[in-house]
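Step one of this worksheet: look at the structure below.
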Amino acid sequence: MTAVAETGTPPEQPDDGRVGISIDGRELRVPKGTLVLDAATEAGIHIPIYCAHPKMDPVAVCRMCLVNIEKFPKPQPACATVAGDGMVVRTNIPEVTKIREGMLEFLLLNHPLDCPVCDRGGECDLQDFTFRYGPGISRFPITEKVHFKKAVPLSEHIELDQERCILCWRCVRYYDEITGEKEIVLQQRGVDTLVSTFDDRQLQSKFQGNLPEVCPVGALTHRKYRFVSRPWDLQRTASVCPECSYGCNINADSRDFEVRRFASRDNPLVDDMWLCDRGRYSFDRWNTSERVRRPVVRSDDESRDVTVAEAITQAARRLREIAEEYGAASIGVLGSSASTNEELFLLERLARQVIGTPHVDHQLEPFDGISAAEHELGIAEIEECDTLIVLGADPEEQAPVLTLRLYKAERKKGARVIRLSSDATAADAAIAASGATRIGLIADETNRAHAAAVATALGAVGSVRRLTITRGINGRGAKDLGLLPNVGPAYAALAEPGKNGRQILEGLASGTMRGLLMLGPNPALEAESELLERAVRKAACVVAFDTRPGIVSRYATVLIPGHAVFEKAGSVTNVEGRVQRIRAGLPPASATPVETRVLTTLAGLMGAVGWGSGDPLAVNRLLRDESPAYGRAGNGGRALFTAEAVA
Amino acid sequence: MAEYKLLTKDFGADGLQTLKGYEKVGGYQALRDAFKKFTPETLVAEVKTSNIRGRGGAGFPTGMKWSFLPKDVFPRYLCCNADESEPGCFKDRYLIDESPHQLIEGLLIASYALQVNTSFIYIRGEYHDQRLLLERATEEARAAGYIGKNILGSGFDCDVIVHGGAGAYICGEETALIESLEGLRGQPRLKPPFPAIKGLYGQPTVVNNVETLCNLPHIVQRGGEWFKALGTDKSAGTRVFCCSGHINRPGNYEMKLGTPIRELLEEECGGIWRGQSLKAFQPGGGSMQVLLPQHLDLPLDMNAVQEAGSSLGAGAMIFMDETTCLVDVSMRLVDFYRHESCGKCVPCREGTYFESELMHRLEAGQATLAELASLADICSNMDGRCFCPLGDTATWFVMSAYKSFRDEFEAHCGAGRCPVRAQATALVA
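These protein sequence lines map, in sequence, to chains V and U. Sequential numbering of the first sequence, starting at 18, is according to my numbering. Sequential numbering of the second sequence, starting at 94, is according to my numbering.
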């Protein structure tokens, strides 16, 4: 600003908290405190760099990002220089070109150049920048390089190649800054420096899988991805990690119709680009060949493969027969926390409006006293709290990436994170939180009732917002959409609550209930296999969607092949109510149309009108029209329910 | 004699290493005076008046360094940098060896001026005996009430902690020293924030060289104006020069700044040995650029030497006679930097390795002229590009020697052996 004022040119800009900077002649205004590197990115100018990472503090060690800045005696690292008003930066001059060539020459001196057998080939910054900015030849007269260990297993997941390492420190800093653990260290010095684990110990972290992603080269690689594929042979599908309710955004990378890896897909509001190992390495679960592939209809003594059309007709007929003979209330309807919002939306309508049964659930145990306040605190809002109370170990075991957000709040915002045992009393919690003003209370489904009591006690200390970790990729969506016996969609109170999952299965097993319509796979039911088997064997009619052979597929009266999460499109709602899209990336295991189409046809046969085609997108539109919270959430926003809409 | 003894005046006195011996020559009187005559603010002002510049190598004005501390942020820390590791440098060891209490007194005076209640002496790992000496001296001083609570009834508290390094040249760089002191890997920190704002344990910190602190008792006793008048305009006071190489009397000599280098060489060091003549010399330790015989008439003045393209650095004078091969010297120095590079940044870590491999080929007479040309280019890719001065200085001597002795460098190319050494051997035979 002063420079401009002195030369008497343009009038002073109002102080809008921004500074004017020129990069390669492009003028732009960026917020105060912006690093030159980020300003350049905003201006569309690429500055190569290895050590900087968008989620970590700058260290300025790779020296690749040195740029010329007017009035500075030496080239400055763009990654660690804050943009100043009137700053003139140049990256397109011979000086900078020479710096980049020089650094790449240095980096390649002792690099093994084993790109042809390196898993990182094709998505390696060293390879890419060398092509783009490198000198092309080496002037180093010595052919023997400094050698280090190759293919060192650091754990069951991670392999380290010390020769390929360019010592950018990202892995060391990842532990320092992101997880707060200390597992990878730098050893030796000078040209002998290497990264390693202290004392050659195995990595213990629950978040190791992020290491190969922070590594800019092929030094840290996934053992499960070793020699599996070149990146250009992978088909990338943006999706959501199906392993828990946290809703981490992923890319499901597949090749030859099998998922080969999960890669993180940065959503600062949810995962902040980190995945847990449980989620990341669960990908091969989706490559099983054990699948339900054909619709089946069973009567007392025979079981036959049928067309989808016939299966749906039979399902409609048999459900109608049961309703006519024993009453609609003899039919139980079970959704699943693994289903999409669109499927659950249709299932709920089918159950309550078409079949007319009150017995709707998606899990086994009762879920009483549910309130929208349980899900008020957003994941990113955790950083706004000055005190965070975690009740029991379950929340972080259920949704491990939560741990990283808590650590971020602690490290970057100075929040206090208090981990209490799950049976800590409300009074204990209030004492622990004394002095707090903005409290975040995080609990699990199993101790929500206790959490409510704790929240009340904490209310005397400061403002309290709660987050309850739900189960399953879409456990939250199932609740929002009314797949509960005690509340309808949007937590609307019901005059007469129905039976919960366990009561439905027990009713079927004891003969007081006759029919079951279920949308599988349902991990909660499968965990109670004995009860489930008694129920489906005794039931007069079981109409079931399922993906894998098991109890349900063995005894269902009408079995309709289901689609696994990567075979269908739709949306799922995470723990904080964020509605996120999933997409079809793998071909389905059967020729059966997707669940939403089958449910629509089934409803039509049972008398429903105006349900449309059943295309997932059309159902999504319908859902958004029906549910104002989902309408407002759109794609990627949070479905928030007002406190009044509480049962 | 040309020597001017200020710091070293009493060296050799009986039992100077002990508290008793030090007190006998008037030791700790300056600390008393400091408490009596000065407030912390006026003491900082007095040091500013004295114009003393840091003796560690960079020559930054000490008073100005002190004034960068933010007001009202406490605790603050003071670290005495005794990690003397520059090739050719041994003055701090001498100062500690001869009079450990002089350093402790200086440290306490600085601590009082800066209102520091915990001061550290970070001493080079290899200076084992000196560490023990300092530990003993601090114990003595503590027992006598010079260290601890309410020192000499002044109401000022200060503890002094002696901490040994683990043997890394880089830990003489002030931010690396702080990292090491905190128990971390000895590597320089990203600046800003500078140590004066966020240093040791995230608090405002001043790092001063041993010799700088040893000057403080004398500034307190004789006054800043007196000190300022000593030496030259830009370089006040005296400095202890570590003289080594091909001279008759190697050793430490305290000289008034401004004295011609020739006087130091001829009167104190006894001239070049074996009746030979001077080929080149390095005025500031291993990091600094080479100077030639015609530079002998330069005064021992930081600015004057800087204008000649080198620096007084940490005060190490290395003299080389006519039999010296400058390629050989360059090679050895580059090997030192290769060995001492911390590995943090690319140009230093890989560049010193590249340099060293090339220098070995060159000294063995195996390098080509093209390789020699690439050496210069590699140095230019390092200088000014590194994270800290270590990598930059790793190129300075080589580049200056290459510039001044280009023929000698080129004569090595393809020679199959070192031509200078071959000649020298022939001469002796």
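Quick reminder that beta carbons are idealized off the backbone N, C-alpha and C, glycines included.
Where the beta strand (DSSP E) containing residue i begins and where it ends
{"i": "residue 334 of chain U", "result": "331 to 338"}
{"i": "residue 130 of chain U", "result": "Run containing residue 130 of chain U: none in the beta strand (DSSP E); it sits in the alpha helix (DSSP H), 122 to 130."}
{"i": "residue 587 of chain V", "result": "587 to 590"}
{"i": "residue 474 of chain U", "result": "Premise fails: residue 474 of chain U lies in the alpha helix (DSSP H), 462 to 475, not in any beta strand (DSSP E)."}
{"i": "residue 223 of chain V", "result": "Taken as a continuous stretch (DSSP letters only), residue 223 of chain V belongs to no beta strand (DSSP E), as it is neither H nor E."}
{"i": "residue 457 of chain V", "result": "455 to 461"}
Spatially closest choice to residue i from the options, by CA coordinates
{"i": "residue 217 of chain U", "options": "U:203, U:260, U:438", "result": "U:260"}
{"i": "residue 192 of chain U", "options": "U:120, U:136, U:178", "result": "U:120"}
{"i": "residue 48 of chain V", "options": "V:39, V:385, V:58, V:33", "result": "V:33"}
{"i": "residue 503 of chain V", "options": "V:557, V:267, V:369, V:532", "result": "V:369"}
{"i": "residue 385 of chain V", "options": "V:515, V:232, V:319, V:240", "result": "V:515"}
{"i": "residue 604 of chain V", "options": "V:613, V:583, V:293", "result": "V:583"}
{"i": "residue 484 of chain V", "options": "V:524, V:490, V:398", "result": "V:398"}
{"i": "residue 510 of chain V", "options": "V:176, V:389, V:257", "result": "V:389"}
{"i": "residue 463 of chain U", "options": "U:485, U:502, U:439", "result": "U:502"}
{"i": "residue 426 of chain U", "options": "U:467, U:370, U:484, U:440", "result": "U:484"}
{"i": "residue 472 of chain V", "options": "V:441, V:488, V:500", "result": "V:441"}
{"i": "residue 491 of chain U", "options": "U:380, U:434, U:392, U:414", "result": "U:380"}
{"i": "residue 508 of chain V", "options": "V:327, V:644, V:46", "result": "V:644"}
{"i": "residue 638 of chain V", "options": "V:601, V:363, V:259, V:423", "result": "V:363"}
Outcome for residue i when other beta-carbon atoms lying within 10 angstroms are tallied against a minimum of 16
{"i": "residue 158 of chain U", "result": "buried"}
{"i": "residue 273 of chain V", "result": "exposed"}
{"i": "residue 44 of chain V", "result": "exposed"}
{"i": "residue 665 of chain V", "result": "Because residue 665 of chain V is not part of the residues shown, which for chain V are 18 to 664, the question remains open."}
{"i": "residue 159 of chain V", "result": "exposed"}
{"i": "residue 110 of chain V", "result": "exposed"}
{"i": "residue 160 of chain U", "result": "exposed"}
{"i": "residue 287 of chain V", "result": "buried"}
{"i": "residue 478 of chain U", "result": "buried"}
{"i": "residue 656 of chain V", "result": "buried"}
{"i": "residue 114 of chain V", "result": "exposed"}
{"i": "residue 242 of chain U", "result": "exposed"}
{"i": "residue 634 of chain V", "result": "exposed"}
Range covered by the alpha helix (DSSP H) that runs through residue i
{"i": "residue 441 of chain U", "result": "439 to 456"}
{"i": "residue 551 of chain V", "result": "546 to 555"}
{"i": "residue 307 of chain U", "result": "303 to 315"}
{"i": "residue 239 of chain V", "result": "Looking at the DSSP string, residue 239 of chain V is not in any alpha helix (DSSP H); the run it does join, the beta strand (DSSP E), is 237 to 239."}
{"i": "residue 645 of chain V", "result": "645 to 650"}
{"i": "residue 316 of chain V", "result": "It is not in any alpha helix (DSSP H) - residue 316 of chain V carries neither H nor E in the DSSP assignment."}
{"i": "residue 445 of chain V", "result": "443 to 449"}
Simplified DSSP state of residue i, which is helix, strand or coil
{"i": "residue 173 of chain U", "result": "strand"}
{"i": "residue 204 of chain V", "result": "strand"}
{"i": "residue 372 of chain U", "result": "strand"}
{"i": "residue 474 of chain V", "result": "helix"}
{"i": "residue 401 of chain U", "result": "coil"}
{"i": "residue 250 of chain U", "result": "coil"}
{"i": "residue 582 of chain V", "result": "helix"}
{"i": "residue 32 of chain V", "result": "coil"}
{"i": "residue 95 of chain U", "result": "coil"}
{"i": "residue 559 of chain V", "result": "strand"}
{"i": "residue 111 of chain V", "result": "helix"}
{"i": "residue 346 of chain U", "result": "strand"}
{"i": "residue 593 of chain V", "result": "coil"}
Min CB distance residue i to chain C below 7 angstroms
{"i": "residue 456 of chain U", "result": "Absent from the structure is chain C; the protein chains it does hold are V and U."}
Can you pull out the residues from the segment 270 to 284 of chain U whose beta carbon lies closer than 7 angstroms to at least one beta carbon of chain V? 278, 283
Scan the segment 437 to 448 of chain U for residues whose Cβ lies nearer than 9 angstroms to a Cβ of chain V and list them as they occur along the chain. 437, 438, 439, 440, 441, 442, 443, 444, 445, 446, 447
Which residues, in chain order, does the segment 61 to 79 of chain V contribute to contact with chain U at a C-beta distance below 8 angstroms? 75, 76, 77, 78, 79
Give me the subset of the segment 158 to 189 of chain V whose CB atoms are less than 7 angstroms from a CB atom of chain U, sorted by chain position. 158, 159, 184
At a Cβ cut of 8 angstroms, what residues of the segment 429 to 450 of chain V count as close to chain U, listed as they run along the chain? none
Please list, in chain order, the residues of the segment 375 to 397 of chain V that have any C-beta partner in chain U closer than 9 angstroms. none
Taking beta-carbon pairs under 7 angstroms, can you tell me which members of the segment 88 to 112 of chain V lie near chain U? 91, 92, 97
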